[in-house]
Amino acid sequence: MINLLNLDKEQMKGLFSDRQYRGTQVFTWVFAKAVSDIRDMTNLSKATREELSKTYVISYPEPVRTQVSSDGTEKLAYRLHDGQIIESVLMPEKNHWSLCISSQVGCAMGCAFCCTATLGFKRNLEVSEIVSQALHPLRTYPDRQIRNIVFMGMGEPLLNYDSVIKSIRILTDKDGPQFSKRRITVSTCGIIPKLKTLWKDSEAALAVSLNAPSAEIRERLMPVTRKYPLEELIEALKAYQLPNRRRITIEYVLVKGINDRVRDARELIRVLHGLKVKVNLIPFNPWPGCALDAPDHEAVLAFEEQLRNSPFAVMLRKEKGRDILAACGQLAGGIVHDGHEAH
Ligand code: SAH
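Per this note's numbering, the sequence shown starts with residue 206, numbered consecutively.
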């Protein structure tokens with residue numbers, strides 16, 4: 206059986222060669238109305254629905270656990286058809302919600318500060334497994350306005366490029382869930398070849414996890430730097446074609462004693478010279494078994510202060526959901542820490 210959640214609008218139209226509007230209708234049922242049964246597609250004839258049901262299903266990952274943080278952040282875990290567990294994080298903002306989703310099971314990048322890295326790489330997510338991380342909360346909490354989607358959960362989105370691009374196309378389709386392209390952010394550790402096509406293919410916002418002001422420090426924290434050197438990454442960002450007013454977000458995880466000194470901030474400003482970016486500082490979120498430490502509060506403030514005196518806008522990301530291991534870099538499907546596989 207084929208899962209309709211894996212098909213975009215063009216593919217659905219292709220199912221009805223003579224009457225393509227039927228395909229758009231099916232697309233709307235699946236992605237805008239988020240029905241879970243082909244029988245519910247009531248503007249299709251009974252015969253059409255029966256015919257479709259012979260080959261197609263609508264199959265969601267199974268929600269297995271929701272944890273709620275004292276700050277309102279929710280971590281949602283799903284079991285996939287092969288038993289793997291992935292996690293998403295729903296974060297309350299003032300008037301809306303932001304959703305952080307995963308693109309892979311585990312991750313191959315091996316960043317020293319990231320808990321997902323300890324899982325190693327298991328597999329890429331299918332389109333259905335990506336889009337359902339947005340559709341499930343839409344269905345479950347219809348009164349919550351989910352406005353932003355960030356690919357900052359488990360995995361490296363640019364190493365699951367085609368499925369991530371197709372998912373963005375579906376999530377932003379006017380006949381589907383209608384998320385705004387500007388409010389979808391792809392976050393990457395810097396897979397340079399994919400940066401060449403990302404804007405053209407997605408028009409999504411881009412965040413780059415830089416995390417270091419020099420190649421030496423970056424290699425220590427992010428092994429991917431050996432394959433895609435810092436200098437070349439900066440060049441790729443210079444070449445990245447964004448419309449005038451938009452900015453790339455530079456993410457910078459502050460780790461005590463490694464990249465959190467004032468001179469690191471100064472060097473960072475030099476490295477970023479000439480780029481259209483804003484900087485997002487993220488104090489390291491510790492997780493059990495990690496040898497790195499969170500920066501002192503004073504160090505964070507001093508680092509931020511340096512950047513305030515630069516051409517770049519700077520934001521300090523508030524850690525959310527730390528108490529339920531839902532903050533940046535803490536997602537590991539409950540496999541490493543809380544031990545209890547969901548039931
Ligand atoms: N692979 C993608 C997306 C996942 S990481 C990427 O590298 O961008 C999402 C963000 O969380 C990255 O900016 C990363 O630097 C940050 N991060 C990872 N582990 C963290 C931790 N323990 N504390 C704080 N931020 C972390």
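In this text, a Cβ means the ideal position worked out from N, Cα and C, and glycines have one as well. On a predicted model such as this, the values are computed, not experimentally measured, just so you know.
Alpha-carbon to alpha-carbon, residue j and residue i
{"i": "K238", "j": "Q216", "result": "18 angstroms"}
{"i": "Y433", "j": "G395", "result": "7 angstroms"}
{"i": "T271", "j": "M246", "result": "30 angstroms"}
{"i": "K405", "j": "C533", "result": "28 angstroms"}
{"i": "M314", "j": "N490", "result": "18 angstroms"}
{"i": "G544", "j": "L343", "result": "Any reading at G544 needs caution, since the residue's pLDDT is 35, under 50, leaving its predicted position unreliable; the model's value is listed next. One C-alpha to the other measures close to 29 angstroms."}
{"i": "N248", "j": "Q225", "result": "14 angstroms"}
{"i": "K461", "j": "L210", "result": "43 angstroms"}
{"i": "R254", "j": "I243", "result": "6 angstroms"}
{"i": "S368", "j": "D501", "result": "39 angstroms"}
{"i": "S250", "j": "K218", "result": "16 angstroms"}
{"i": "L530", "j": "C320", "result": "10 angstroms"}
{"i": "E510", "j": "A504", "result": "10 angstroms"}
{"i": "V355", "j": "E267", "result": "21 angstroms"}
{"i": "L447", "j": "I453", "result": "8 angstroms"}
{"i": "K259", "j": "P493", "result": "48 angstroms"}
{"i": "T229", "j": "V476", "result": "47 angstroms"}
{"i": "G538", "j": "S293", "result": "10 angstroms"}
{"i": "R388", "j": "L411", "result": "10 angstroms"}
{"i": "D287", "j": "S241", "result": "20 angstroms"}
{"i": "V458", "j": "N416", "result": "5 angstroms"}
{"i": "L340", "j": "L364", "result": "23 angstroms"}
{"i": "N449", "j": "V482", "result": "12 angstroms"}
{"i": "E361", "j": "F326", "result": "10 angstroms"}
{"i": "I439", "j": "L257", "result": "49 angstroms"}
{"i": "E546", "j": "R466", "result": "Interpretation of E546 is limited by its pLDDT of 35, a score under 50 that renders its predicted location unreliable; no figure is taken from the coordinates."}
{"i": "L506", "j": "S308", "result": "32 angstroms"}
{"i": "R349", "j": "Y445", "result": "34 angstroms"}
{"i": "L497", "j": "D528", "result": "18 angstroms"}
{"i": "T345", "j": "R352", "result": "15 angstroms"}
{"i": "Y265", "j": "P347", "result": "17 angstroms"}
{"i": "A518", "j": "D223", "result": "53 angstroms"}
{"i": "P382", "j": "R468", "result": "45 angstroms"}
Close beta carbons around residue i, own chain, < 6 angstroms, minus the five adjacent residues each side
{"i": "C495", "result": "none"}
{"i": "F232", "result": "K214, M217 and D380"}
{"i": "R522", "result": "N485 and I487"}
{"i": "S414", "result": "C394 and E456"}
{"i": "P297", "result": "G277"}
{"i": "M564", "result": "Outside the displayed range of the chain (206 to 548) lies residue 564, so it cannot be described from this structure."}
{"i": "Y366", "result": "K399"}
{"i": "I474", "result": "S515"}
{"i": "Q338", "result": "S293 and I306"}
{"i": "P428", "result": "G315"}
{"i": "R227", "result": "F221"}
{"i": "R374", "result": "D213"}
Element boundaries [alpha helix (DSSP H), containing residue i]
{"i": "T247", "result": "Taken as a continuous stretch (DSSP letters only), T247 belongs to no alpha helix (DSSP H), as it is neither H nor E."}
{"i": "Q511", "result": "H502 to R513"}
{"i": "I487", "result": "No alpha helix (DSSP H) contains I487, which is instead part of the beta strand (DSSP E) from V482 to P488."}
{"i": "P398", "result": "I397 to S407"}
{"i": "M217", "result": "K214 to G219"}
Rounded distance between the beta-carbons of residue j and residue i, thought under 8 angstroms
{"i": "C316", "j": "G358", "result": "14 angstroms between Cβ atoms; not a contact."}
{"i": "I422", "j": "N485", "result": "Their Cβ separation, rounded to whole angstroms, is 18 angstroms, which puts I422 and N485 out of contact at 8 angstroms."}
{"i": "S333", "j": "N208", "result": "5 angstroms"}
{"i": "P488", "j": "A499", "result": "6 angstroms"}
{"i": "V310", "j": "R284", "result": "About 11 angstroms; that fails the 8 angstroms criterion."}
{"i": "A441", "j": "L400", "result": "5 angstroms"}
{"i": "L376", "j": "V391", "result": "About 12 angstroms separates the two Cβ atoms, so there is no contact after all."}
First through last residue of the beta strand (DSSP E) which encompasses residue i
{"i": "P342", "result": "Careful: P342 lies outside any beta strand (DSSP E), inside the alpha helix (DSSP H) at V332 to T345."}
{"i": "T393", "result": "I389 to T393"}
{"i": "E456", "result": "I453 to L459"}
{"i": "K280", "result": "E279 to R284"}
{"i": "V240", "result": "Neither: V240 is in no beta strand (DSSP E) and is coded neither H nor E."}
{"i": "G311", "result": "Q309 to G311"}
{"i": "F318", "result": "Element bounds for F318: n/a, residue is neither H nor E."}
{"i": "K523", "result": "Counting along the chain, K523 falls outside any beta strand (DSSP E), and DSSP gives it neither H nor E."}
{"i": "F326", "result": "F326 to N329"}
{"i": "S274", "result": "It is not in any beta strand (DSSP E) - S274 carries neither H nor E in the DSSP assignment."}
{"i": "V439", "result": "Note that residue 439 corresponds to Ile in the displayed sequence, not to Val. No beta strand (DSSP E) holds I439; the alpha helix (DSSP H) holding it covers L435 to A444."}
{"i": "A203", "result": "For the chain, the structure presents residues 206 to 548; residue 203 sits outside this window and is missing."}
Sequence-distant residues of its chain with Cβ nearer than 8 angstroms to residue i (five each side left out)
{"i": "E437", "result": "I397"}
{"i": "K371", "result": "D213 and V332"}
{"i": "D378", "result": "D213, K214, F232 and F236"}
{"i": "E524", "result": "I487, P488, N490, A532 and C533"}
{"i": "V541", "result": "Confidence is the limiting factor: at V541 the pLDDT is only 43, short of 50, which leaves the residue's position unreliable and the question unanswerable from this model."}
{"i": "E472", "result": "P418 and S419"}
Contact test: residue i Cβ vs the ligand ADP heavy atom, cutoff 6 angstroms
{"i": "F508", "result": "Inclusion of the ligand ADP in the displayed structure is not the case, the ligand content consisting of the ligand SAH alone."}
7 angstroms Cβ shell around residue i - same chain, five flanking residues per side excluded
{"i": "A322", "result": "C312, M314, G315 and C316"}
{"i": "T430", "result": "A420, R423 and E424"}
{"i": "K443", "result": "G479 and L480"}
{"i": "A470", "result": "F508, Q511 and L512"}
{"i": "H548", "result": "Because H548 carries a pLDDT of 31, less than 50, the predicted location of this residue cannot be relied on, and the following value inherits that uncertainty. Nothing meets the Cβ criterion."}
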